[in-house]
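For the sequence shown, the working numbering assigns the number 119 to the last residue and increments by one with no breaks. Accompanying notes for the structure given below.
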Amino acid sequence: LIAEHVARSGEFGAAVSVNGWEHSAATYTLTHEAAPDLAMLYMVSEDNEYLSSVVEEIAAAGGKVKVFQDLQEGFAASASDEEVVRAAGEILQAAEQIFAEACLKKSNFVKVGTFHPDA
């Protein structure tokens with residue numbers, strides 16, 4: 001929920017929630033309306049008690065969702081075996097990709113003359 005609240009400020013190009021709580025299609029929609037250009041990514045383990053039940057709704061509303069199968073809730077913070085380490089690496093790659101895409105948007109240029117005709 002923190003990722004969405006921060007994202008609604010409009011100050012960021014991307015936000016990522018890993019194993020988050022309290023997200024829903026409604027909270028995604030609020031975030032998207034407040035920051036329409038924001039890229040929001042939700043990543044969750046299949047057994048997350050809250051988020052796994054609403055990932056389809058979030059995706060249907062337009063949110064990007066990645067579900068990790070066969071991993072326990074909280075896996076991103078506790079890399080204890082090979083599969084968890086691999087998944088944690090995937091999380092970092094997905095987050096890096098969404099942040100890079102948000103940073104590499106095409107710039108809008110304005111001619112100086114439109115600000116001051118005599119320039």
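Yeah, the Cβ is synthetic: ideal placement off N, Cα and C, and Gly gets one too.
For residue i, count the other beta carbons within 10 Å of its own beta carbon; 16 or more makes it buried, fewer makes it exposed. Which is it?
i: Ile2; result: exposed
i: Val54; result: buried
i: Gly89; result: exposed
i: Ala39; result: buried
i: Val85; result: exposed
I'd like to check one pair, residue j with residue i: are the Cβ atoms closer than 8 Å?
i: Ala95; j: Val16; result: yes
i: Ala102; j: Ala14; result: yes
i: Gly10; j: His32; result: no
Which partner residues does residue i have in the DSSP bridge list?
i: Val18; result: Met43
Give me, in chain order, the residues of the same chain whose beta-carbon lies closer than 6 Å to that of residue i; leave out the 5 immediate sequence neighbours on both sides.
i: Ser24; result: Val54
i: Ala34; result: Arg8
i: Glu4; result: Thr27 and Thr31
i: Trp21; result: Tyr50
i: Thr29; result: Ala61
Identify, in the order they occur along the chain, each residue of the same chain with its Cβ nearer than 8 Å to the Cβ of residue i, setting aside the five sequence neighbours on each side.
i: Ala60; result: Ala25
i: Glu83; result: Asp70 and Leu71
Given residue i, which residues of its chain have a CB within under 7 Å of its CB, disregarding the five upstream and five downstream residues?
i: Val65; result: Tyr42, Val55, Ile58 and Ala59
i: Phe99; result: Ala14
* Whole runs of the beta strand (DSSP E) within the region 21 to 93, excluding any shorter than 3 residues -> Complete beta strand (DSSP E) runs here, min 3: 39 to 45 and 64 to 68.
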